[in-house]
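Sequential numbering of the sequence shown, starting at 240, is according to our numbering. For each residue, glycine too, the CB sits at the ideal point set by N, CA and C. This report refers to the structure that appears directly beneath it.
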Amino acid sequence: MESMTHNQLLNTNTPDPASNLRRPISWETIETLLHRVQKPGRYVGGEFNAVHKPWDAVTTRICLAFPDLYDLGMSNFALQILYDILNRREDILAERTYLPAPDMIAAMRQGNMPLYALESYHPVAAFDILAISTAYEQLFTNTLELLDLAGLPIRAADRDARHPLIVGGGHGAFNPEPMCDFFDIFIIGEAEEVILELVERFSQTRTLSREAQLQALLGIEGLYIPRFYRADYTVANAFAGITPLLPEVPVPVRRRIVGTLPPTPIHQIVPNIETTHDRGIIEIQRGCTHGCRFCQAGIITRPVRERPAEEIIQDVFAIAAATGYSEIGFLSLSSADHTEIETLLQTLQQQCSGLHLGFSLPSLRIDAFSVALAEGLTGSRKSGFTFAPEAATEALRRCINKEIHTEDLLTIAEEVFKRGWRTLKLYFMIGLPGETDEDILAIADLAHELRRIGVRFGGRKTEIHVSISTFVPKPQTAFQWEALADADTIARRQALLFQNLRGRGFKVSWNKYPGTSIEALLTRGDRRLNAIIERAWQLGARFDAWDEWWNLDAWEQALTELAPESFGSVEALREYFMYRERSENEVFPWDHLLSGVERRFLLQDAQRSRAGEFLSDCRGICHACGILHHYANHRGAEWRCPLPKSSKPATNQQTTGNENQL
């Protein structure tokens, strides 16, 4: 059955287009579908620690949606934070939904069953607000599938005040233009505070039209409402900028930030099935100051904010007691940079002795690692260590600002293998600016050297896992001016690497280039891509991050049908969005969104990259990126990044700007 047919069946010609979507679905109705699908636990709800509130006892009902499988969505900590914050309010109800797998989608369409929330089984269309994670670009077609499965018109222009307000947010929202036709609002930045302000203002506008409701939200910092802006283009069909359509519409839209990390959710929902990250989570730090030039997350989460070690320790035991988890993950972009990490792990090692409680750290930076930190993790499962060198040569590391040295990695690997770990996973990127074949061969050489060290201490069972991703230039980074490497270049370099990493003890994985090319198209696209995304979805594109469901033909046909309208040909569209290097003064589709790190700083850093210059960690020496300047009045004189573990406060002579003095 076609997707649009399903939507039409659900939205019958009644005065209220969603009137047949207000009542909860009975368990008996849901149960009739479960014997037809894999992993029925995804769809039943009732998880331990899920929050159930009487539907009629609240004033505002919000459905939090992750547009991918339950297995992935339950590991999305951002939604868990919002779920906790919203449900602390007595007048707000927050429930969850995820995109079902294709077998369940087919069963629901055949049975004319709309998408529902797991807590109450109310249809998603019955909620006042539907907040959808736009964490990454491969979720875009899934988002349209989710809206349609809910029985909602996918385009904002076709919805009115009788439908839920559709809100997007996440890292993918830092260029929302390719999806702006489908959302009413995007939250730019951190949602913990702004979501409550949005709910408060929205609850006062229930009797107004959708247009009036959105106008009432214009004064809230961090909200981008696409319908109040116009995209402009030159006579040569190049993007020329975004123009506000009303005097009160903000330009730029300032990214929303929170001054301190929100309280950790203690009663975290325990999934019904095994998920991607099946453990308790504590966000110990937000933001990063290392300045890797390819890394969007490090820029759009500045400045660094840490959770105190004492609070983390309290949260560890509280979560373990509330969930039964035997492992707690410490979440951050670079956990080893937390100023109290060694003390924290040593304390936990002592206090958790005999409790069978372990800890995991994400992607450790090699230059921040220490033997003491390794000792602090010995109570956890020794499944392996993960490092992200990203490049294997000094020249390429200078280009991407990854200030690590091969000697340090080899020394640290020796210490890791000595202490009993037998698997080392390494993340590298190919297709980086300035890359040569020698850089690819250096990855293989480094992997072989690491395995020799591992075999010396752990025998021939030692494994080196090499994970290769293709570099995609991202908005709001120093590499936003760079081009995507073409398919032939990437294929040749993947083959070169594989030829040199055959044999026992090595596992090599990489992402497929067609998916990478679509990601590159979507991450730097403008409003002209809305129609292409919609057409690709109509042709069957969804689950674009999954090899088993990835539908390249749908994307190719959508591009073939629609690219000529704006660009003359598919090749011209790809060249415009993907394969050309941008000029320094190019206007980007995301320039009207202020992350806080200034374009001026990013351009200077791009120039440093071409010159092969490192830029040091800015915790000790402020490089005046703009983040503290832009938020000084907003947050007060105490607003600053924490100092590095071994540094003293910077003096005026040490800084390149005056931001550390705020």
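Item                                                                                                                                   : Value
DSSP beta-bridge partners of residue 383                                                                                               : None, per the DSSP bridge assignment.
Pairwise C-alpha distance: residue 420 and residue 470                                                                                 : 12 Å
Local conformation of residue 686 per DSSP, three classes                                                                              : helix
Whether residue 740 touches residue 683 by CB criterion (7 Å)                                                                          : yes
Distance, residue 869 Cα to residue 542 Cα                                                                                             : 11 Å
Nearest neighbour of residue 374, chosen from 389, 333, 318 and 330 [CA to CA]                                                         : 318
Identified DSSP bridge partners for residue 870                                                                                        : Answer is none; residue 870 lacks a bridge partner.
Residue 576 beta carbon less than 7 Å from that of residue 635                                                                         : no
DSSP three-state assignment for residue 488, whether helix, strand or coil                                                             : coil
Identity of the residue in 590, 369 and 710 nearest residue 667 by Cα                                                                  : 710
Proximity of residue 539 and residue 777 at Cβ, strictly below 7 Å                                                                     : no
The region 288-305 touching the region 354-365, judged by at least three CB pairs closer than 8 Å                                      : yes
Residue-level contact to chain C via CB, residue 711, 7 Å cutoff                                                                       : This model lacks chain C altogether, as it is built from one protein chain only.
Cβ-Cβ distance between residue 408 and residue 430 below 7 Å                                                                           : yes
Beta-carbon spacing of residue 343, residue 283 below 7 Å                                                                              : no
Classification of residue 553 by the beta-carbon crowding that lies within 10 angstroms, buried from 16 upward                         : exposed
Secondary structure, beta strand (DSSP E): runs of 3+ residues fully inside the region 503-535                                         : 519-522
Nearest residue (CA-CA) to residue 503, options 452, 561 and 459                                                                       : 561
Ordered list of beta strand (DSSP E) runs contained in the region 273-315, each at least 3 residues                                    : 299-305
Counted within 10 angstroms of its Cβ, other Cβ atoms place residue 675 as buried (16 or more) or exposed                              : exposed
Residue 341: first and last residue of the uninterrupted alpha helix (DSSP H) it sits in                                               : 341-349
Cβ neighbours of residue 781 in the same chain (closer than 6 Å, five flanking residues each side left out)                            : 380, 381 and 384
N- and C-terminal bounds of the beta strand (DSSP E) containing residue 468                                                            : 468-472
Cβ-Cβ separation, residue 775 to residue 793 (assumed contact under 8 Å), whole Å                                                      : 5 Å
Best match in 597, 796, 449 and 345 for proximity to residue 558 [C-alpha to C-alpha]                                                  : 597
Three-way DSSP call (helix, strand, coil) for residue 619 in this model                                                                : Caution applies to residue 619, whose pLDDT of 46 falls short of 50 and renders its modelled position unreliable; the value that the coordinates give is listed next. Residue state, collapsed to three classes: coil.
Contacts around residue 269, its chain only, beta-carbon distance under 8 Å, and the 5 residues preceding and following it disregarded : 282, 283, 352, 355 and 360
Chain-order list of residues whose beta-carbon lies under 8 Å from that of residue 443 (same chain, five-residue window excluded)      : 455
Continuous alpha helix (DSSP H) stretch holding residue 732: start and end                                                             : 726-738
Which residues DSSP lists as bridging residue 333, in chain order                                                                      : 301
Three-state secondary structure (DSSP) of residue 410                                                                                  : helix
Unbroken alpha helix (DSSP H) run spanning residue 657, endpoints                                                                      : 645-657
Integer-rounded CB distance, given that residue 720 should sit under 8 Å from residue 850                                              : No, residue 850 and residue 720 are not in contact; Cβ-Cβ is about 15 Å, not under 8 Å.
Beta strand (DSSP E) runs contained entirely in the region 755-838, provided each spans 3 or more residues                             : none
Where the alpha helix (DSSP H) through residue 442 begins and ends                                                                     : 430-442
Residue 273 versus residue 624 - alpha carbon distance                                                                                 : 38 Å
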